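A.B. asks:
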Amino acid sequence: MDKLFDFELTANLLGFGFVQTALLAAAVLGLVAGALGPLIVTRRMSFAVHGTAELAFTGAAAALLLGIGVSYGALAGALVAALLLGLLGGRESERDSVIGVILSFGLGLGVLLLWFYPGRASNKFGILVGQIVAIEPQNLTVLVVAAVVVLAVLALVYRPLLFASVDPAVAMARGVPARSLGVLFAVLVGVATALGVQIVGALLVVALMVTPAAAAARLTANPLRATVLAVIFAEVAALGGIILSLAPGAPVSFFVTAISFTIYLVCRVIAYVRGRQSRVVTESVAEPSPAESVR
Amino acid sequence: MSRGVVEIRDAALGFGARTLWSGLDLDVRPGEFLAVLGPNGSGKTSLLRVLLGLQPLSTGTVSVAGKPPGRGNNKVGYVPQQRALDEQLTLRGVDLVGLGLDGDRWGVGLFGMRRRRRRIAEAVAAVGAESYAASPVGKLSGGEQQRLRVAQALIGEPDVLLCDEPLASLDLTHQQVVSELIDKRRQEVDTAVLFVTHEINPVLSYVDRVLYLVNGHFRIGTPDEVMNSATLSELYGTRVEVIKVGGQIHVAGAQSALCEDEIHHHVGERVS
Chain A
1 MDKLFDFELT ANLLGFGFVQ TALLAAAVLG LVAGALGPLI VTRRMSFAVH GTAELAFTGA
61 AAALLLGIGV SYGALAGALV AALLLGLLGG RESERDSVIG VILSFGLGLG VLLLWFYPGR
121 ASNKFGILVG QIVAIEPQNL TVLVVAAVVV LAVLALVYRP LLFASVDPAV AMARGVPARS
181 LGVLFAVLVG VATALGVQIV GALLVVALMV TPAAAAARLT ANPLRATVLA VIFAEVAALG
241 GIILSLAPGA PVSFFVTAIS FTIYLVCRVI AYVRGRQSRV VTESVAEPSP AESVR
Chain B
1001 MSRGVVEIRD AALGFGARTL WSGLDLDVRP GEFLAVLGPN GSGKTSLLRV LLGLQPLSTG
1061 TVSVAGKPPG RGNNKVGYVP QQRALDEQLT LRGVDLVGLG LDGDRWGVGL FGMRRRRRRI
1121 AEAVAAVGAE SYAASPVGKL SGGEQQRLRV AQALIGEPDV LLCDEPLASL DLTHQQVVSE
1181 LIDKRRQEVD TAVLFVTHEI NPVLSYVDRV LYLVNGHFRI GTPDEVMNSA TLSELYGTRV
1241 EVIKVGGQIH VAGAQSALCE DEIHHHVGER VS
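If you read the sequences in order, they're chains A and B.
Note that my numbering gives residue 239 to position 239 of the first sequence, counting from 1, and the numbers run on in steps of one.
Every number in my numbering is 1000 more than the matching position in the second sequence, counting from 1.
#1: Can the beta-carbon of A:P160 be found less than 8 Å from the beta-carbon of A:P38?
#2: Determine the chain B residues that contact A:P38 at a beta-carbon separation under 7 Å, and present them in chain order.
#3: Just the chain A side, please: which residues come within less than 7 Å of B:R1209 by C-beta, in chain order?
#4: In terms of residue numbering, what span does the beta strand (DSSP E) encompassing B:D1010 cover?
#5: If I measure Cβ to Cβ from A:L79 and keep anything under 6 Å in the same chain, skipping five residues before and after, which residues do I get?
#6: Please list the residues of the segment 1114-1133 of chain B that have a C-beta atom closer than 8 Å to any C-beta atom in chain A, keeping them in chain order.
#7: Got a sec: which bits of the segment 11-42 of chain A sit with their beta carbon under 8 Å from any beta carbon on chain B, in order along the chain?
#8: By how many angstroms is the C-alpha of A:A56 removed from the C-alpha of A:A291?
#9: Which value, in whole angstroms, describes the spacing of the CA atoms of A:A154 and A:D167?
#10: Out of B:A1035, B:L1052 and B:E1130, which one is the CA nearest neighbour of B:V1064?
#11: DSSP three-state call for B:D1273: helix, strand or coil?
#12: Quick check on the burial criterion: 16 or more other C-beta atoms within 10 angstroms. Buried or exposed for A:I270?
#13: What residue does the beta strand (DSSP E) around B:D1027 start on, and which one ends it?
#14: So, do the segment 258-267 of chain A and the segment 211-221 of chain A have three or more beta carbon pairs nearer to each other than 8 Å?
#15: Beta carbon of B:L1315, beta carbon of B:I1220: below 8 Å?
#16: What residues from chain A crowd round B:D1159, counting only those whose CB sits closer than 9 Å?
#17: Cutting at 7 Å between CB atoms, please list the residues of its own chain near B:V1094, excluding the five before and the five after it.
#18: Check the DSSP bridge columns for B:S1063 and list the partner residues they point to.
#19: So for B:A1035, helix, strand or coil by DSSP?
#20: If distances are taken between C-alpha atoms only, which option among B:Y1236, B:E1234, B:N1228 and B:Q1248 comes closest to B:A1242?
#21: What does B:W1106 touch in chain A if you count any residue whose Cβ is under 8 Å from its own?
#22: Taking A:A171 as the query, report the chain B residues whose CB atoms sit under 8 Å from its CB, ordered along the chain.
#23: Using only alpha-carbon positions, find the residue among A:G201, A:V236 and A:R274 that is nearest to A:S253.
#24: Name the two residues that bound the continuous beta strand (DSSP E) containing B:G1077.
#25: Taking CB distances under 8 Å as the criterion, tell me whether A:A221 reaches chain B.
#26: Quick one: does A:R179 have its CB under 8 Å from some CB of chain D?
#27: Per DSSP, which residues does B:A1252 bridge with? Please list them.
#28: Compute the distance between the beta-carbons of A:A76 and A:I102, then report whether it is under 8 Å.
#29: From the DSSP output, read off the bridge partner residues of B:D1164.
#30: Taking the beta carbon of A:F255 as the centre, do at least 16 other beta carbons fall within 10 Å, making it buried, or is it exposed?
#31: Return the CA-CA distance between A:G182 and B:S1046, expressed in angstroms with no decimal places.
#32: Against B:P1279, what residues of chain A qualify as contacts under a CB-to-CB distance less than 8 Å, listed in chain order?
#33: Going by other Cβ atoms of all chains shown within 10 Å of its Cβ, with 16 needed for buried, is B:M1113 buried or exposed?
#34: Tell me the rounded alpha-carbon separation between A:A247 and A:G275.
#35: Using a Cβ-Cβ distance cut-off of 8 Å, determine whether A:F163 contacts chain B.
#36: For B:L1034, would you say it is in contact with chain A, using Cβ-to-Cβ distances shorter than 8 Å as the test?
Here it is as structure tokens:
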């Protein structure tokens, strides 16, 4: 770890093509994850993202065994997961358990598939914790195309999706197809998760999909500003994580999650301090602000 | 005969073998305040669901603001029952109101932001919510949230305002404030109001007519015509006393517990 601050080595490594490919992939993922994140948090889908990532792992393991591209396998697994979760878990009370049921079976199946796989152990490890430096140029193309599609669809359905997420009863009363939008959003999350699996791995995808948005939600209640902040946080975590991991040659996943977690902690502290200040101001004015008044 | 903003003709609604109501004819005129009363399970909320296009009629026809109900009929405003919003919800009061303006449209809505902001500010000012409209909605009190709900429903300048127990779980002051805001709108621009409630007293002074639903039967008329011992006893099929005290109406009798019951439903749920 003493190489962590070896800037010369880091600068040299940044010159390599595969490192630049990795950074580009991380930037694309950060954008998608940050854009989807606030809605994931609002819709309470953190656990669903985790479950989807596990099934992306299952799909990737199957693809590895069959000798087809791991990214296609991850995509197929994540889509199956998203559709299952979207269709089976319609009721919020049921959703939680449905995810647990599907997640555990998918993970078990993935372990079996990996056991069958005769190849190198590092490939197996890679789909669990990410192998960003192993991204091939054709994988990058898949990544960019998928990201563009996800962002375009998100932009198209953004307003009704936000409406259905924050205010479902009124949205449905206004004719917003909340149910279908929920399934569509689960599919978008599935695609994004499959992309994330290649970069930070199935186990840590939550660090990019959920943590930046959860941090942003601590700072602002403005949905647009929260989305912008979530994108920035996700980019800092994804790009910063790769750059920091270069010199020591340590796993990218640790640095990505560590940065992500640090940002979250900082945002919580800021929110806490702000909350205290507004309380002090309120007390000195001796009249409760409307936001603080009795429920 | 002038056309009503809400027109229901020979309508019936049932689920399976059970009929909630049938033979319902109803016209609501512009500027009219119609209270929909009745015990739980009498089909009050189902009637709202029909008018919102969430529930098809078993038989009969319905039109709202000259069109069949449902998506694309943006001349309908909807005020839901107050329910606690998640305190951490990433949404400000102005966002909630803005969703009432264009939340059902596709796209991100980045064009026309200035005009949108102006209309939101006007709607917020109309309900006197300026001081807290920029705060996170989850941290506002129930009464403040309901004021913003009224702004959310009125910002699209609807011809009909459908209200589903909007005063439930509010304190008396906010019950008055919210019903006054709704009444003001219909006085000013002739918006028709269809007000589902289990408690008529907070809005009694505004109500033009009452639709009272009980076990598949109903009566329509002025509060005096419907809210009397003879009519309600006939409707409930048992002896019911209606007592008028100090400008308030109290219904006492075998079924009265039903009327004053807690409210369990909302429009998002299916009555089965």
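A virtual CB, placed ideally from N, CA and C, is assigned to each residue, including glycine.
This one's a predicted model, so the numbers in the text were calculated from it and none came from an experiment.
C.D. replies: In short:
#1: Contact check for A:P160 against A:P38 fails: the beta carbons are separated by 8 Å or more.
#2: Simply T1090.
#3: The premise fails here: B:R1209 is roughly 23 Å from chain A at the closest Cβ pair, so nothing lies under 7 Å.
#4: B:D1010 -> beta strand (DSSP E) spans V1006 to F1015.
#5: Hits under 6 Å: G190.
#6: Of all residues in the segment 1114-1133 of chain B, S1131 and Y1132 have a Cβ within less than 8 Å of some Cβ in chain A.
#7: So the close ones are P38, V41 and T42.
#8: Legend: pLDDT at A:A291 = 46, less than 50; position of this residue unreliable, no value from coordinates given.
#9: The residue asked about is misnamed: residue 154 of chain A is Leu in this sequence, not Ala. Distance between the alpha carbons of A:L154 and A:D167 is about 18 Å.
#10: With distances taken between Cα atoms, B:V1064 lies closest to B:L1052.
#11: With chain B running from 1001 to 1272 in the structure shown, residue 1273 of chain B is simply not present.
#12: That one is exposed.
#13: From DSSP, the beta strand (DSSP E) with B:D1027 extends over R1018 to V1028.
#14: Judged by Cβ distances under 8 Å, the segment 258-267 of chain A makes contact with the segment 211-221 of chain A, as three or more pairs qualify.
#15: With chain B represented from 1001 up to 1272, any question about residue 1315 of chain B goes unanswered, as that position is not in the structure.
#16: Ordered by position in chain A, no residue passes the 9 Å Cβ test against B:D1159, which lies about 15 Å from the chain.
#17: Counting only Cβ-Cβ distances below 7 Å, and skipping sequence neighbours, we find I1120, V1124, A1133 and A1134.
#18: By DSSP's assignment, B:S1063 forms a beta bridge with B:E1007.
#19: B:A1035 falls in the strand class under three-state DSSP.
#20: Checking the sequence shown, residue 1242 of chain B turns out to be Val, not Ala. Of B:Y1236, B:E1234, B:N1228 and B:Q1248, the residue nearest in Cα terms is B:N1228.
#21: For B:W1106, the neighbours in chain A by C-beta distance under 8 Å run, in chain order, L156, V157, R159 and P160.
#22: Neighbours of A:A171 on chain B, chain order: L1099, G1103 and D1104.
#23: Per the Cα distances, A:G201.
#24: Unbroken beta strand (DSSP E) run through B:G1077: V1076 to V1079.
#25: Proximity of A:A221 to chain B, defined by a Cβ-Cβ separation below 8 Å, is satisfied.
#26: The chain inventory of the structure shown lacks chain D, comprising the protein chains A and B.
#27: Answer is B:E1241, bridged to B:A1252.
#28: It is not a contact, given that the beta carbons lie outside the stated cut-off.
#29: For B:D1164, which the question treats as bridged, DSSP gives the partners B:V1196.
#30: Residue burial is scored here from C-beta neighbours: A:F255 has at least 16 other C-beta atoms within 10 angstroms and is therefore classed as buried.
#31: Straight-line measurement puts the Cα of B:S1046 at about 24 Å from the Cα of A:G182.
#32: The requested residue 1279 of chain B does not occur in the structure, where chain B is confined to residues 1001 to 1272.
#33: Classification for B:M1113: exposed.
#34: A:A247 and A:G275: Cα-Cα distance of roughly 40 Å.
#35: Put simply, the CB of A:F163 is near chain B, with a gap under 8 Å to one of its CB atoms.
#36: No, its Cβ sits nowhere closer than 8 Å to a Cβ of chain A.
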